[in-house]
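Enquirer: Per the working numbering, the very first residue in the sequence shown carries number 5; after that it's consecutive.
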Amino acid sequence: MAALQAHYDCDPGQDDAIALLYALGSPKIDIRSLSVVGGNVDVRQCAKNALQILELAGRGDIPVYTGAEKPLARPLVSLPEVFGETGMAGGEDLPLPQNAPRNMVPAQDFKTIASAPILVATGPLTNLALQIQNDPAFPQQIEELFIMGGCPFPEPVWQRMGNYKPDGASDYAEYNFACDPEAAKIVFRAGFKKITLVGLNVTRAVLYNSRVEAALRGTKNVAGLRAAAILSTVGEDDVQDYGPLRETPDDPVRALHDVIAMAAVDAPELFEFVTVPLRIVADPLPAPAGQSLIDAENYDHPSVRVAKTIDRNGFLRRLVDNIGGIK
Ligand code: BDR
Ligand code: CA
Numbered sequence: 005m006a007a008l009q010a011h012y013d014c015d016p017g018q019d020d021a022i023a024l025l026y027a028l029g030s031p032k033i034d035i036r037s038l039s040v041v042g043g044n045v046d047v048r049q050c051a052k053n054a055l056q057i058l059e060l061a062g063r064g065d066i067p068v069y070t071g072a073e074k075p076l077a078r079p080l081v082s083l084p085e086v087f088g089e090t091g092m093a094g095g096e097d098l099p100l101p102q103n104a105p106r107n108m109v110p111a112q113d114f115k116t117i118a119s120a121p122i123l124v125a126t127g128p129l130t131n132l133a134l135q136i137q138n139d140p141a142f143p144q145q146i147e148e149l150f151i152m153g154g155c156p157f158p159e160p161v162w163q164r165m166g167n168y169k170p171d172g173a174s175d176y177a178e179y180n181f182a183c184d185p186e187a188a189k190i191v192f193r194a195g196f197k198k199i200t201l202v203g204l205n206v207t208r209a210v211l212y213n214s215r216v217e218a219a220l221r222g223t224k225n226v227a228g229l230r231a232a233a234i235l236s237t238v239g240e241d242d243v244q245d246y247g248p249l250r251e252t253p254d255d256p257v258r259a260l261h262d263v264i265a266m267a268a269v270d271a272p273e274l275f276e277f278v279t280v281p282l283r284i285v286a287d288p289l290p291a292p293a294g295q296s297l298i299d300a301e302n303y304d305h306p307s308v309r310v311a312k313t314i315d316r317n318g319f320l321r322r323l324v325d326n327i328g329g330i331k
C-alpha cells in the first residue's frame with residue numbers, strides 16, 4: 005500500500021520532535037511538509053528544532069514553514085518548565101540546521117502548503133484556524149485531520165480533564181486547546197469530514213520510563229539514541245506530575261503525547277475509538293477554556309472519532325521499530 009501523504013503542523017517541543025522521528029521512520033507515512041506554530045516555545049525556535057530533527061534523520065528535503073507566533077485572542081503561554089528553554093532539552097547539542105525555515109502567512113498560504121490529504125496537528129490550532137477564517141472551504145480539501153489535543157474523558161494519572169490550568173482558570177484543560185481555545189473551536193466548527201482526536205485520556209495511558217529508554221538506546225542508531233536523550237531529560241512539571249509512578253528515583257517517567265497521535269495515523273488498529281459530538285469551551289476566565297466536552301446538544305462537531313484506549317505494548321514496539329528504522 006502506498007504511504008499516506010501528510011502535512012504536519014506542530015510546535016516542537018520534545019514530544020512533537022519524537023512524533024516527527026516516528027513518522028519519518030514509518031513506512032506507512034510520507035511527511036510532505038511541516039509548519040510550526042507558537043506553543044511550547046517561540047515559533048522561530050520551533051522551526052529551528054524541526055529543522056534539526058529533519059536533518060538528523062537525513063530528511064532536509066522536507067520544507068518547514070514558520071506560522072503564527074501567538075494564539076488568536078490570547079497571549080502565548082509557552083512551557084520552558086516542561087520542555088526546557090529551547091523546547092527540545094536533550095537536543096541542544098544537535099548541529100545548527102543547514103536549511104532555513106520558509107515564511108508563510110497562515111491565513112493565505114496554509115491551504116497550499118498543507119495540500120496533502122492527511123493533516124496532523126499536535127500544537128495549538130492557530131495556523132489551521134487562520135486559514136479557515138480566510139477560506140471556509142479549506143477543510144474540504146483534507147481527507148482526515150488527526151489532532152493531539154483535548155481530554156474528552158478523565159486522564160488516568162490524576163483523573164483530571166487536562167494537564168494545564170492557566171492563571172485564574174477554574175479547572176484543568178489540555179494545553180494545546182487551552183493555549184488557543186478560540187482556534188480549537190473554529191477548527192471543530194469548520195466542517196472537516198473526518199477528525200480523529202487523540203487526547204490526554206490516551207496519551208497519559210502510555211508513559212515513557214527507563215525500560216522504554218533502554219529499548220530506544222538498544223536501536224543504536226542516531227535517531228533512537230537522540231530520542232532517548234530527549235525523552236530522558238524530564239522537566240520540572242513532569243517530575244511533579246509523574247513522580248509517584250517512578251520505579252526508581254531517576255526513572256524518567258513522562259507522557260509521550262504527540263507521537264500517540266502520529267500512531268493513530270500509522271497504526272489505527274492499536275486503538276479503540278468512539279465517535280462522539282464534541283464541544284470546545286472557549287469562554288473567558290475563570291472558565292476552563294480549552295476543555296473538550298462530549299455534548300449532544302451544543303456540539304461544535306457532531307461526530308469526532310476519539311481515541312479511548314490504546315494497546316500499550318503494541319505502540320511501544322512500533323515506537324522503537326519506527327525510530328530504530330531510520331537510516
Ligand atoms: C500537548 O501540549 C504540548 O505541550 C505537547 O507538545 C502536546 O502537544 C500535550 O498536552
Ligand atoms: Ca505539541
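Glycine included, every Cβ here is placed at the ideal spot set by N, Cα and C.
On a CA-only basis, which of Ser30, Gly153, Thr116 is nearest Pro67? Give me that one, please.
Expert: Here the closest residue by C-alpha is Thr116.
Enquirer: Helix, strand or coil: how does DSSP classify Ala21 here?
Expert: The answer is helix: DSSP assigns Ala21 an H, G or I state.
Enquirer: Give the C-beta separation of Val310 and Leu201 to the nearest angstrom, bearing in mind that I take them to be a contact with Cβ-Cβ under 8 Å.
Expert: Between Leu201 and Val310 the Cβ distance is about 5 Å, and since that is below 8 Å, they are a contact.
Enquirer: Run through DSSP, which three-state label would Met165 get?
Expert: Met165: coil per DSSP, three-state reduction.
Enquirer: Quick one: what does DSSP say Ile122 is sitting in, helix, strand or coil?
Expert: Three-state result, Ile122: strand.
Enquirer: Measure the alpha-carbon distance for Ala187 versus Phe181 and round it to whole angstroms.
Expert: Near 8 Å, if we compare the C-alpha coordinates of Phe181 and Ala187.
Enquirer: Measuring straight from C-alpha to C-alpha, what distance separates Asp184 and Ile136?
Expert: Rounded to the nearest angstrom, the two C-alpha atoms are 15 Å apart.
Enquirer: Considering only the alpha carbon of each residue, which of Tyr26, Val308, Ile284, Phe275 lies closest to Leu60?
Expert: Checking every option, the nearest Cα to that of Leu60 belongs to Tyr26.
Enquirer: Distance, Cα to Cα, Leu76 vs Ala232?
Expert: Answer to the nearest angstrom: the Cα atoms are 34 Å apart.
Enquirer: Starting from Ser39, follow the beta strand (DSSP E) in both directions and report where the run begins and ends.
Expert: Segment 33-40, the beta strand (DSSP E) holding Ser39.
Enquirer: I need the boundaries of the beta strand (DSSP E) containing Met92, first residue and last residue.
Expert: Neither: Met92 is in no beta strand (DSSP E) and is coded neither H nor E.
Enquirer: Run the proximity test for Tyr179: is its beta-carbon closer than 7 Å to any non-hydrogen atom belonging to ligand 1?
Expert: Checking every heavy atom of ligand 1 against the Cβ of Tyr179, one is found closer than 7 Å.
Enquirer: Cα-Cα, which of Tyr69, Lys32, Val216, Val243 is closest to Cys14?
Expert: Of the candidates Tyr69, Lys32, Val216, Val243, the one whose C-alpha sits nearest the C-alpha of Cys14 is Tyr69.
Enquirer: For Leu83, verify whether its CB is less than 7 Å away from any heavy atom of ligand 1.
Expert: Yes, the beta carbon of Leu83 sits closer than 7 Å to at least one heavy atom of ligand 1.
Enquirer: Rounded to whole angstroms, what's the CA-CA distance from Cys50 to Asp299? Just pull it up for me.
Expert: Rounded to whole angstroms, Cys50 to Asp299 spans 34 Å at the Cα level.
Enquirer: Please classify Leu60: does DSSP put it in a helix, a strand, or coil?
Expert: Three-state result, Leu60: helix.
Enquirer: Check whether the Cβ of Asp15 lies closer than 7 Å to any heavy atom of ligand 1, and answer yes or no.
Expert: Answer for Asp15: yes, Cβ within range of ligand 1.
Enquirer: Among Leu83, Val278, Arg221, Ala23, which one has its Cα closest to the Cα of Val47?
Expert: The shortest Cα separation from Val47 among Leu83, Val278, Arg221, Ala23 belongs to Leu83.
Enquirer: Once DSSP output is grouped into helix, strand and coil, what is the label at Lys312?
Expert: Strand, per DSSP.
Enquirer: Leaving out the 5 sequence neighbours to the left and right, which residues in its chain are closer than 6 Å to Tyr12 when beta-carbon positions are compared?
Expert: So the qualifying residues of the chain are Ile35, Leu38, Val124.
Enquirer: Considering only heavy atoms of ligand 3, does any lie closer than 7 Å to the CB of Gly43?
Expert: Inclusion of ligand 3 in the displayed structure is not the case, the ligand content consisting of ligand 1 and ligand 2 alone.
Enquirer: Just to confirm, are Asp262 and Thr126 a CB contact at a threshold of 8 Å?
Expert: Yes, Cβ-Cβ distance for Asp262 and Thr126 is below 8 Å.
Enquirer: Can you give me the Cβ contacts of Arg63 inside the same chain, cut-off strictly under 7 Å, excluding the 5 residues immediately before and after it?
Expert: Cβ neighbours of Arg63 beyond the five flanking positions: Leu28.
Enquirer: Where does the unbroken alpha helix (DSSP H) through Cys1 begin, and where does it stop?
Expert: This structure cannot speak to residue 1, because the chain is shown only from 5 to 331.
Enquirer: With burial defined as no fewer than 16 other Cβ atoms inside 10 Å of the residue's Cβ, what is the status of Asp171: buried or exposed?
Expert: Exposed, by the Cβ-count rule.
Enquirer: Start and end of the beta strand (DSSP E) containing Ser296?
Expert: Per DSSP, Ser296 belongs to the beta strand (DSSP E) from 296-298.
Enquirer: Measuring from the CB of Val86, is there a heavy atom of ligand 1 at a distance below 7 Å?
Expert: Checking every heavy atom of ligand 1 against the Cβ of Val86, one is found closer than 7 Å.
Enquirer: In this structure, does DSSP put Val45 in helix, strand or coil?
Expert: Three-state DSSP puts Val45 in coil, outside helix and strand.
Enquirer: Reducing DSSP to helix, strand and coil, say where Met108 ends up.
Expert: Reduced to three states, the DSSP call for Met108 is coil.
Enquirer: Which residues bound the alpha helix (DSSP H) around Glu148?
Expert: No alpha helix (DSSP H) contains Glu148, which is instead part of the beta strand (DSSP E) from 148-152.
Enquirer: Express the C-alpha separation of Glu89 and Pro4 in angstroms, rounding to a whole number.
Expert: Residue numbering for the chain in the displayed model covers 5 to 331; residue 4 lies beyond these limits and cannot be assessed.
Enquirer: Beta-carbon within less than 8 Å of Arg221's beta-carbon, same chain only, minus the 5 sequence neighbours each way: which residues are those?
Expert: These residues qualify, in order along the chain: Gly228, Leu229, Ala232.
Enquirer: In the structure shown, what three-state DSSP assignment does Cys155 receive?
Expert: Coil, per DSSP.
Enquirer: How would you write the range of the alpha helix (DSSP H) that Val226 sits in, first residue to last?
Expert: Val226 -> alpha helix (DSSP H) spans 226-235.
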